[in-house]
Amino acid sequence: MSLDPVSSARLQNVMPWLALQVSQMADILALDSPPIKLVVSAGLRTWSEQNALYAQGRTTPGKVVTNAQGGYSWHNFGVAVDCAPEVIAGAIDWNAAHPQWQRMEAVGVSLGLTSGANWVRLVDAPHFQYTGRFAEAVPDDEARQILANEGMEAFWMEVSP
């Protein structure tokens, strides 16, 4: 596997099919010339963690990084991850125009994932998700109800390909 231990650990809490696709993306990128090392910077988030991110740039210092409150992000359902190419050993160049970002996005999409780099309202280049039969935009009431009543694994069964 081409992922570092921290990235691998972050994939342990997301939908297994998504984790497999992200691992495959890392393996493909590692074969590029020059190799691209993929880093998973975020996976599953609690609703309170999501609310703290939503507050950033609104009621707490920092820049706005999400339009989603808790329960309205696919991260809260374990079907989204944030990834980045490690451009310099141990560091990420967050410039999404870098060619390595373009390659990462293309590989993720080729594996059936939705890339936040293609969004219009708030471009989210590090974001990849798989929502199956649910709309890509935000989790709806049905998704939240399945999660609340039946749990995470039941929800994953609803979206698994």
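Okay, so the sequence shown: first residue is 465 according to this note's numbering, each after it adds one.
Just so it is clear, CB atoms sit at the ideal spot from N, CA and C, and this is done for glycine as well.
Source: prediction; values computed, not measured.
- Along the chain, where does the alpha helix (DSSP H) that runs through Glu617 open and close? 616-623
- Message: Out of Ala601, Ala519, Arg585, Val504, which one is the CA nearest neighbour of Leu482?
- Response: Val504
- Should Ala516 be counted as a contact of the ligand SAM given a C-beta to heavy atom distance under 7 Å? The model on display carries no ligand, and the ligand SAM is accordingly not part of it.
- Query: Straight-line CA distance for Ala589 to Ala607?
  - Reply: 24 Å
- Would Glu569 be called buried (16 or more neighbouring beta carbons within 10 Å of its own) or exposed? buried
- Message: By DSSP's criteria, Ala560 is part of a beta bridge. Which residues make up the other side?
- Response: Looking at the DSSP assignment, Ala560 forms no beta bridge with any residue, so it has no partner.
- Message: By the three-class DSSP mapping on this structure, what secondary structure does Glu600 have?
- Response: coil
- Which first and last residues belong to the alpha helix (DSSP H) in which Val528 is found? That residue, Val528, is in no alpha helix (DSSP H); it is neither H nor E in DSSP.
- Query: Under a Cβ-count criterion, where at least 16 other Cβ atoms within 10 Å of its own Cβ denotes burial, should Lys527 be classed as buried or exposed?
  - Reply: exposed
- Hey, would you say Val545 sits closer than 8 Å to Val478, going by beta carbons? yes
- DSSP bridge partner residues for Phe627 (one or two, in chain order): The requested residue 627 does not occur in the structure, where the chain is confined to residues 465 to 625.
- Message: Using only CA atoms, which one of Arg509, Gly542, Val602, Val551 lies nearest to Ala618?
- Response: Gly542
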